[in-house]
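Student:
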Amino acid sequence: MEEKGVGWDLPLGKPEMFQKVFQKCVDMNQDEYVKKSEKARGYGLEVTKDVRTVEMNRRLFNLI
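Here the sequence shown stands for residues 17 to 80, where the numbers follow the working numbering.
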């Protein structure tokens, strides 16, 4: 996700990475924030159009 500029994929067992990314977000200026937000929104919309990805997510949550 980071390579695409749409967010981060962080391991749950490494809270120091969450702190680092959180600080990165806090330090963003408004222009950086808007660009990243728009890119993330566009990515999210594209993912929801992919029927295969949506179905895989449904199956994942049905396992719970």
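Using N, Cα and C, we set each Cβ at its ideal position, and we do this for glycine too. Note that this is a predicted model, so its numbers are computed, not measured.
(1) Go to M44, then tell me how far its alpha helix (DSSP H) extends in each direction, as first and last residue.
(2) Are the CB atoms of K20 and Y49 nearer to each other than 8 Å?
(3) Any contact between the region 51–68 and the region 19–33? By contact I mean 3 or more CB pairs, one from each, below 8 Å.
(4) With distances taken from CA atoms, which of G29, V37, V42 and D43 is nearest M17?
Tutor: Let's see:
(1) For the purposes of this step, residue 44 is identified with residue 28 of the sequence shown, where counting begins at 1. Premise fails: M44 is in no alpha helix (DSSP H) and is neither H nor E.
(2) The residue given as residue 20 occupies position 4 in the sequence shown. The residue given as residue 49 occupies position 33 in the sequence shown. Not a contact, by the Cβ cut-off of 8 Å.
(3) yes
(4) Your numbering for residue 17 matches position 1 in the sequence shown. Of the listed residues, the one whose Cα sits closest to M17 is V37.
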